[in-house]
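Engineer:
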Amino acid sequence: MPDGTMPAPILDVEGVTLQYKTKDHLVTATYRVGFQVHRADRYVLLGPSGCGKSTLLKGVAGFMRPVEGTMRLNGQEILEPGPDRMMVFQEFDQLLPWKTVEQNVMFPMLCAGKHPKAEARERARRFIDKVNLTKFRDVYPHMLSGGMKQRVAIARAMAMEPAILLMDEPYAALDALTRRKMQEELLELWDDVRFTVLFVTHSIEEAIIVGSRILVLSPHPGRVKAELNCHQFDHTTQGGADFQALHRKIHDMLFAERIEEEKANHG
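Residues 12 to 278, numbered by our numbering, are exactly what the sequence shown covers, in order.
(1) Just how far apart, CA to CA, sit M264 and F244?
(2) Distance check for M120 and M171, CA to CA, integer angstroms please.
(3) Identify which residue in P18, Y54, I21 and F46 has its Cα closest to the Cα of V221.
(4) Do you know offhand how far L257's Cα is from A237's?
(5) If you count every other CB in all the chains shown that lies within 10 Å of the CB of T87, and 16 or more means buried, which is it?
(6) Report the option in K32, Q249, L84 and Q114 whose CA atom is closest to the CA atom of A19.
(7) Round the Cβ separation of L200 and M97 to the nearest angstrom and send it over; I've been treating them as touching at under 8 Å.
(8) Determine the contact status of I89 and H49, defining contact as a CB-CB distance below 9 Å.
(9) Consult DSSP for G26 and reduce its assignment to one of helix, strand or coil.
(10) Within 10 angstroms of the Cβ of F74, are there 16 or more other Cβ atoms? Answer buried if so, exposed if not.
(11) By a C-beta neighbour count over all protein chains shown, 10 Å radius and 16 as the cutoff for buried, is P173 buried or exposed?
(12) What does a CB cutoff of less than 6 Å around C62 pick up in its chain, not counting 5 residues either side in sequence?
(13) Can you give me the start and stop residues for the alpha helix (DSSP H) that L197 sits inside?
(14) Report the rounded CA-to-CA distance for M117 versus D253, giving the unit in angstroms.
(15) By alpha-carbon positions, which one of G45, K141, P152 and K146 ends up nearest to M193?
(16) Based on Cα-Cα distance, which residue from S223, V24 and L68 lies nearest to G80?
(17) May I have the straight-line CA-CA distance separating M169 from V78, to the nearest angstrom?
(18) How is A237 classed by DSSP in three states: helix, strand or coil?
(19) Quick check: what's the CA-CA separation for Q105 versus L226?
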């Protein structure tokens with residue numbers, strides 16, 4: 012910026028506490044969490060199971076309201092879901108089974124009235140091509156592998172040109188080779204489009220590879236432990252000393268309490 016100031020963040024989460032009810036309890040999922048996501052960030056929420064990662068994503072999506080703090084997207088408080096946030100889930104069955112790949116990608120654009128049909132079709136084809144599924148444009152979901160369904164879901168989300176793409180452990184159910192391929196394809200797509208993504212995972216390795224920045228959360232209820240830069244890493248640097256040092260640093264952060272307990276028990 013000419014005056015030396017940082018551009019305003021796309022997403023500004025400030026002091027957010029999120030709670031939800033179970034049958035017997037009121038659960039505090041996160042406690043006073045704050046972070047900012049800027050344009051073209053690959054921002055990763057990392058932490059152990061139950062630390063509130065997915066709950067934070069639901070809050071950003073507009074499905075939950077904070078009991079404390081605020082969430083703002085492009086300066087506007089998030090009060091409800093909207094087409095400026097598109098979500099990609101872990102489950103493969105997020106496509107309409109009676110619609111083809113192309114029709115699935117067109118569907119939200121037509122529902123939102125964002126583009127006329129011909130333009131929606133052209134956009135759908137462009138993003139289907141970007142995720143390397145052009146040959147499967149007229150195929151129905153039941154004929155696709157899990158990884159291919161996930162790519163359709165990403166194409167559908169990207170075609171809406173959301174302000175931010177929300178991804179909730181999208182590769183957790185995939186085998187190791189498919190998972191790696193999907194991570195590589197996501198980074199290639201990001202190189203091409205430079206979209207903004209908020210990505211949830213409990214895998215340290217995936218966080219470092221996929222992310223440009225990582226927010227490390229404590230065990231339940233989730234609190235901010237650290238924010239780390241990792242934009243210099245990808246699959247090609249995975250075996251390097253710097254990658255392994257960051258992996259160890261994050262591991263020790265996540266498991267600090269357990270490590271201290273073990274030291275005390277063996278002392």
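Glycine included, every Cβ here is placed at the ideal spot set by N, Cα and C.
Structural biologist: In brief:
(1) Put simply, the backbone Cα of M264 is about 19 Å away from that of F244.
(2) Distance between M171 and M120, taken at the CA atoms: about 6 Å.
(3) Of the listed residues, the one whose Cα sits closest to V221 is Y54.
(4) Distance from the CA atom of L257 to the CA atom of A237, rounded to whole angstroms, is 12 Å.
(5) Thr is not the amino acid found at residue 87; the sequence shown has Gln there. Classified as exposed, Q87 has fewer than 16 neighbouring CB atoms from the shown chains inside 10 Å of its CB.
(6) Nearest option by C-alpha distance: L84.
(7) Wrong, their Cβ atoms sit about 14 Å apart, outside the cutoff.
(8) No; because the gap between Cβ atoms is not below 9 Å, this pair is not in contact.
(9) In the structure shown, G26 sits in a strand (DSSP, three-state: E or B).
(10) Exposed is the call here.
(11) P173 should be labelled buried.
(12) Taken in chain order, the residues that qualify are L228, P230, H231 and G233.
(13) It spans A187 to V204 - the alpha helix (DSSP H) in which L197 sits, taken as one unbroken run.
(14) Put simply, the backbone Cα of M117 is about 43 Å away from that of D253.
(15) For M193, the closest of G45, K141, P152 and K146 by C-alpha to C-alpha distance is K141.
(16) That would be V24, whose Cα lies nearest to the Cα of G80.
(17) Cα-Cα distance, rounded: 31 Å.
(18) Looking at A237 - three-state DSSP - the assignment turns out to be strand.
(19) Between Q105 and L226, the C-alpha separation is close to 27 Å.
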